[in-house]
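Student: Heads up: take any position in the sequence shown, counting from 1, add 23, and you land on my numbering.
Glycine included, each C-beta is placed from N, C-alpha and C at the ideal position.
Following this message is one structure expressed as structure tokens.
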Amino acid sequence: MITIPSLTWSSAASFVYLVPLMGLALTALIYRYRWQRKTSRLLETSPGLLRNFSLIRKLFKVILLGLSLILLAMALARPQSEGKKEAIEQEGRNVLVALDISRSMLAQDLKPSRLLVAKKKIKELVENLTAERVSLMLFSDVPFIQCPFTSDIPAFLSFLDLVDV
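Here it is, written out as structure tokens:
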């Protein structure tokens, strides 16, 4: 991969196509020049036929053709700019929340139920975290991970809302 400051070419091999394209363009220009020279010799006897001929327009067309071939080769090379990278340091820890989902959590000793009170307290805990990653493990007979470690708090809370006995 060829690297130019802040620009990389993912298909740098495409620049190889530029050589035959330029050779083809050069051959066409030489052929056109010879054709125009022969034609102008024939038309020297009638100068009125060359009245609208403009060398500047012809040169402009040649320059545009060459530029378009160069830009085509660059497009085939697929230029890609690298975005600005910024290091963000976060100090945090992994917090695993274990929640019992056995039938005992449906007991009414806490209103409305133990499960709903536990979910409310977990939401309060998680919303106060700053840089920590959280995970949700549910258990009754067998423990299982409901939500793997994530720093996406809204995603964690949506997993928590789905918890039921």
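#1: In chain order, what residues of the same chain lie with their CB nearer than 7 Å to the CB of Leu30, ignoring the 5 residues before and after it?
#2: Let me check you understand the geometry: is the CB of Leu185 closer than 7 Å to at least one non-hydrogen atom of the ligand ATP?
#3: Under three-state DSSP, which class holds Thr173?
#4: Quick check on Leu138: buried or exposed, where buried means 16 or more other Cβ atoms within 10 Å of its Cβ?
#5: Return the chain-ordered list of same chain residues with a C-beta closer than 8 Å to the C-beta of Met45, the five sequence neighbours on each side being excluded.
#6: Counting only the same chain and skipping the five closest in sequence on each side, list residues whose C-beta sits under 7 Å from that of Val85.
#7: On the DSSP letters alone, give me the boundaries of the alpha helix (DSSP H) that Arg80 sits inside.
#8: Measure the CB-CB distance between Phe172 and Val157 and report whether it falls below 8 Å.
#9: Using three-state DSSP, classify Gln103 as helix, strand or coil.
#10: Is the distance from the Cβ of Phe182 to the Cβ of Leu159 below 8 Å?
#11: Use the C-beta contact count for Leu87: other C-beta atoms within 10 angstroms, 16 or more gives buried, fewer gives exposed.
Tutor: Quick look at the numbers:
#1: Pro102, Ser104
#2: With respect to the ligand ATP, the structure offers nothing, as it holds no ligand at all.
#3: strand
#4: buried
#5: Gly89, Leu92
#6: Leu52
#7: 78–99
#8: yes
#9: strand
#10: yes
#11: exposed
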